[in-house]
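Trainee:
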Amino acid sequence: MSANLLTLDGVTKRFRGLTAVDNVSFAVPQGGILGLIGPNGAGKTTLFNLIAGVFRPDSGSITLGERDITGMSPHHACNVGIGRTFQLVRPFGALSVLQNVMVGAFHRGADPATAERYAHTILERLALADKAAQPAASLTLPERKRLEVARALATGPRLLLLDEVMAGLRPTEIDTMVRTFEALVHETGLTILLTEHVMRAVMALSHQIVVLHHGQKICEGPPETVARDAKVIECYLGSGA
Amino acid sequence: MTGELDRRRLVALVAFVFVLAVLPFFLADYFLSVLIVFLVAAYLGQSWNIMMGFAGQLSIGHALYYGLGAYVAAALYVHWGVLPWFGMIAGAVVAGAAGAGIAALSFRFGVTGVYFALLTIAFNEFTHILFNHFSWVGGSAGLFLPVVNLAHNDFVHLRGSPAMFYYLLLAMVLGALGLSRFLLRRRIGYYWLAIREDPEAAASLGIDVFRGKLAAMTLSASLTAIAGSVMAFYDNNLYPDTIFTTARSVEIITAPIIGGIGTLMGPIVGALVLTVLGEAMTTVNASLGIAGLKQFFYSGALVLIVLVQPSGLWPWLKRQLRL
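Read top to bottom, the protein sequences are chains W and C.
The opening position of the first sequence corresponds to residue 1 in my numbering, with each subsequent residue numbered one higher.
The opening position of the second sequence corresponds to residue 1001 in my numbering, with each subsequent residue numbered one higher.
Shown next, in the form of structure tokens:
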């Protein structure tokens, strides 16, 4: 097994009285896809924000490769190789789809022509090429989710954090996205950490799944094991799943 | 398609500049002074637009940078005979440093939005009071540049006719237009727009939001100061009470708001409309002789424009002209 790219060790975050993330530890191997699931309010997005540097953990450490990135600011987190999407999408509405992705692509170099070419290849990959000239504000929600992914990918991350990018997609679109991510991981060695409520996607994509409940890790393992776990079924999947 | 559009835009711009370039030959001195007011408003609007229109940071204290540019260049000239061009550079550096300082102080402590806008007003007011008691530059009694009547224009010492200032200001407006267009196509321009649209998303893409805002503020302040220096040599007198006023700061932001914040032509179009409107109101007012009527109609027209075209006149005009 290859080395771990991302390692969380005893990460805890409290908001006033509420412990949103409670002593969570797990690791994502280089080139791996880890699915983070759990009911609403389980702490998934908070955990993402801790990794991406939006919040600083109250205790515990986060390591990317050999580097301690605990409490690093968001733009530094991007500099060390973390790309992220936002669950409530945040496109640059007044900019075109292409310009949105170019903002990300500029992270790789200051030349506008190079950034534009690279942005185009990313748009092709996420099936947004025909929308390149449109203002981002005119996109549908599933398209905006893809734009979030495109923009983050354009920065050239080692670790991509996907926060519910499949929500609102039709089953065939989900399958297309799953294939896109699988191809990315296979071809570029990208590592992915995703949260998702769409089980079809999580089960198909994830090599490993971590289940959060009330901020605590209650289960970890390969998809088939997690799907049969009694605690997981009780608090999240339900008996029908 | 784009080539055709670019050609149409270029033709329109060249025609506009041509008209402005030949206008002084056909106009009386009074109208030339009105056009100077227009060009100054356009240039100041362009400078402010870099900060608000591109980087999304609202400053209502730009009179400060205008005043610093004016006072630094004028004082250096009056006291030590420093050429206005060097004074202009010194003014731009001082104003840029002041802008950077205010931005660093505000953004480091998370002062943004309306609170930042209030802070920019406050700094202008401090400076106003400071200059009223700053005897080296004349205090509240004012600072005066020696007026010399020359047979010809002295461009080196910026002593000359309104026409000389008119062409200098026209060149500055075109320069600011070119600079704005250039910056918007570079990485820094993209970063500014990203910061304006969503600072958090911008940070997630590796953009140092603090530095981006700081750069916008420094550049905007420096450019604003250059207009102050030039106008000091045009007006030949400086009083803190007329230079460092929030009324001036508001004047600076009105043209780009009317013309279209964040657009390249917005500040120019807005300044043109405001100047023409102001002159028309003055004429109407003079024939009716009712005090305050000008302000009444002027504000009414502004409210109407903002209601009908909230994103400014230029985006609308651009569609009409298919540019």
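A virtual CB, placed ideally from N, CA and C, is assigned to each residue, including glycine.
Values in this document were obtained by computation on a predicted structure and should not be read as measured data.
Name the two residues that bound the continuous beta strand (DSSP E) containing Asp-22 of chain W.
Mentor: The sequence position of residue 22 of chain W within the first sequence is 22, counting from 1. From DSSP, the beta strand (DSSP E) with Asp-22 of chain W extends over 18-29.
Trainee: Would Ala-1216 of chain C pass as a contact of Tyr-1066 of chain C if the rule is Cβ separation under 8 Å?
Mentor: Residue numbering aside, residue 1216 of chain C sits at position 216 when the second sequence is read from its first letter. Residue numbering aside, residue 1066 of chain C sits at position 66 when the second sequence is read from its first letter. Cβ distance not < 8 Å, so Ala-1216 of chain C and Tyr-1066 of chain C don't count as in contact.
Trainee: Please classify Tyr-1030 of chain C as buried or exposed, where buried requires at least 16 other C-beta atoms within 10 Å of its C-beta.
Mentor: As a first step, residue 1030 of chain C must be located in the second sequence, where it is residue number 30. Exposed: under 16 other Cβ atoms inside 10 Å.
Trainee: Measuring only between beta-carbons, confirm whether Leu-160 of chain W sits less than 8 Å from chain C.
Mentor: For this step, residue 160 of chain W is matched to residue 160 along the first sequence. It does not: the Cβ of Leu-160 of chain W has no partner Cβ on chain C nearer than 8 Å.
Trainee: Under 6 Å Cβ to Cβ from Gly-189 of chain W, same chain only, skipping five residues before and after it: list those, please.
Mentor: Along the first sequence, read from residue 1 onward, the residue named residue 189 of chain W stands at position 189. Taken in chain order, the residues that qualify are Gly-31.
Trainee: For the beta strand (DSSP E) that Thr-12 of chain W lies in, which residues bound it at each end?
Mentor: To locate residue 12 of chain W, count along the first sequence from 1; it is residue 12. Counting along the chain, the beta strand (DSSP E) containing Thr-12 of chain W begins and ends at 4-15.
Trainee: Going by DSSP, which residues form a beta bridge with Thr-63 of chain W?
Mentor: One-based indexing of the first sequence puts residue 63 of chain W at position 63. Thr-63 of chain W is bridged to W:Thr-7 and W:Asp-68.
Trainee: Ignoring anything shorter than 4 residues, give me the alpha helix (DSSP H) runs that lie fully in the segment 130-157 of chain W, in order along the chain.
Mentor: Those alpha helix (DSSP H) runs which fall completely within the segment 130-157 of chain W and span 4+ residues are 141-154.
Trainee: Below 6 Å CB to CB, which residues in the same chain sit around Leu-1058 of chain C once its five sequence neighbours on both sides are set aside?
Mentor: Taking the second sequence and counting its residues from 1, one reaches residue 1058 of chain C at position 58. Taken in chain order, the residues that qualify are Met-1052 and Ala-1117.
Trainee: Quick check: what's the CA-CA separation for Ala-167 of chain W versus Leu-1317 of chain C?
Mentor: For the purposes of this step, residue 167 of chain W is taken as the residue at position 167 of the first sequence. For the purposes of this step, residue 1317 of chain C is taken as the residue at position 317 of the second sequence. Approximately 40 Å between the Cα atoms of the pair.
Trainee: Helix or strand or just coil, what does DSSP make of Leu-98 of chain W?
Mentor: In the first sequence, counting from the first residue as 1, residue 98 of chain W sits at position 98. Of the three classes helix, strand and coil, the one that applies to Leu-98 of chain W here is helix, per DSSP.
Trainee: Within the continuous beta strand (DSSP E) that includes Thr-1245 of chain C, where are the two ends?
Mentor: Here residue 1245 of chain C refers to the residue found at position 245 when the second sequence is read from its first residue. First-last for Thr-1245 of chain C: undefined, no H or E at that position.
Trainee: Can you find the residues in the same chain that come closer than 8 Å, C-beta to C-beta, to Ser-96 of chain W, ignoring five residues on each side of it along the sequence?
Mentor: One-based indexing of the first sequence puts residue 96 of chain W at position 96. Around Ser-96 of chain W: Ala-132, Ala-133, Gln-134, Pro-135 and Ala-136.
Trainee: Taking Gln-1309 of chain C as the reference, which of C:Leu-1010, C:Gly-1260, C:Gly-1212 and C:Ala-1291 has the closest Cα?
Mentor: Taking the second sequence and counting its residues from 1, the one referred to as residue 1309 of chain C is at position 309. Closest by alpha carbon: C:Gly-1260.
Trainee: What does a CB cutoff of less than 6 Å around His-1128 of chain C pick up in its chain, not counting 5 residues either side in sequence?
Mentor: Working through the second sequence from its first residue, we reach residue 1128 of chain C at position 128. Pro-1240 and Phe-1244.
Trainee: If I'm right that Ser-1204 of chain C touches Arg-84 of chain W with Cβ under 8 Å, what's the distance once you round it to whole angstroms?
Mentor: The residue you call residue 1204 of chain C lines up with position 204 of the second sequence. The residue you call residue 84 of chain W lines up with position 84 of the first sequence. The pair is a contact, with the Cβ atoms about 5 Å apart (cut-off 8 Å).
Trainee: Just to confirm before moving on: does the CB-CB distance between Leu-50 of chain W and Val-28 of chain W stay below 8 Å?
Mentor: Taking the first residue of the first sequence as position 1, residue 50 of chain W is located at position 50. Taking the first residue of the first sequence as position 1, residue 28 of chain W is located at position 28. Not in contact: Leu-50 of chain W and Val-28 of chain W (Cβ atoms no closer than 8 Å).
Trainee: Between the segment 223-230 of chain W and the segment 54-61 of chain W, are three or more C-beta pairs nearer than 8 Å?
Mentor: Touching, no.
Trainee: Going by C-alpha distance, which of W:Gly-156, W:Gly-104, W:Leu-126 and W:Ala-110 is nearest Val-178 of chain W?
Mentor: Along the first sequence, one-based indexing puts residue 178 of chain W at 178. Here the closest residue by C-alpha is W:Leu-126.
Trainee: Name, in chain order, the residues that DSSP records as bridge partners for Val-211 of chain W.
Mentor: Translated into positions along the first sequence, residue 211 of chain W becomes position 211. Its beta-bridge partners are W:Ile-37 and W:Cys-219.
Trainee: Residue range of the beta strand (DSSP E) that Leu-1119 of chain C falls in?
Mentor: Stepping through the second sequence from its first residue, residue 1119 of chain C is reached at position 119. Counting along the chain, Leu-1119 of chain C falls outside any beta strand (DSSP E), though it belongs to the alpha helix (DSSP H) covering 1113-1132.
Trainee: Taking a Cβ distance cut-off of 8 Å, strictly less, list which residues of the segment 1203-1220 of chain C are near chain W, in chain order.
Mentor: So the list reads Ala-1203, Ser-1204, Leu-1205, Gly-1206, Ile-1207, Asp-1208 and Val-1209, given in the order they occur along the chain.
Trainee: Could you list which residues in chain C have their beta carbon closer than 7 Å to that of Cys-78 of chain W, in chain order?
Mentor: Along the first sequence, read from residue 1 onward, the residue named residue 78 of chain W stands at position 78. Under the 7 Å cutoff, chain C gives Ser-1204, Leu-1205 and Gly-1206.
Trainee: For the beta strand (DSSP E) holding Val-84 of chain W, just list the boundary residues, first then last.
Mentor: One-based indexing of the first sequence puts residue 84 of chain W at position 84. This sequence places Arg at residue 84 of chain W; Val is not what is there. Run containing Arg-84 of chain W: 82-84, per the beta strand (DSSP E) assignment.
Trainee: Would you please verify whether the beta carbon of Arg-1181 of chain C is less than 8 Å from any beta carbon of chain W?
Mentor: To locate residue 1181 of chain C, count along the second sequence from 1; it is residue 181. Arg-1181 of chain C does not count as touching chain W.
Trainee: Using a Cβ cut-off of 8 Å, which residues of the segment 127-149 of chain W contact any Cβ in chain C, in chain order?
Mentor: Under the 8 Å Cβ criterion, the segment 127-149 of chain W contributes no residue.
Trainee: Distance cutoff 8 Å, beta carbons only. Does Ala-1092 of chain C sit that close to anything in chain W?
Mentor: Locating residue 1092 of chain C in the second sequence gives position 92, where the first residue counts as 1. So no, Ala-1092 of chain C is outside the interface.
Trainee: Can you tell me the Cα-Cα spacing of Gly-1113 of chain C and Thr-1246 of chain C, whole angstroms?
Mentor: What you label residue 1113 of chain C is simply residue 113 of the second sequence in a count that begins at 1. What you label residue 1246 of chain C is simply residue 246 of the second sequence in a count that begins at 1. Rounded to whole angstroms, Gly-1113 of chain C to Thr-1246 of chain C spans 18 Å at the Cα level.
Trainee: Is Ala-1090 of chain C near the ligand SAM - that is, is its Cβ less than 7 Å away from at least one heavy atom of it?
Mentor: This structure lacks the ligand SAM; in fact it carries no ligand of any kind.
Trainee: So with Cβ pairs under 8 Å, would you call Glu-86 of chain W a contact of chain C?
Mentor: Here residue 86 of chain W is taken as the residue at index 86 of the first sequence, counted from 1. It should be noted that the sequence gives Phe, not Glu, for residue 86 of chain W. Phe-86 of chain W counts as touching chain C.
Trainee: Tell me whether the beta-carbon of Ile-37 of chain W lies closer than 8 Å to the beta-carbon of Thr-195 of chain W.
Mentor: Indexing the first sequence from 1 puts residue 37 of chain W at position 37. Indexing the first sequence from 1 puts residue 195 of chain W at position 195. Yes. Within cutoff.
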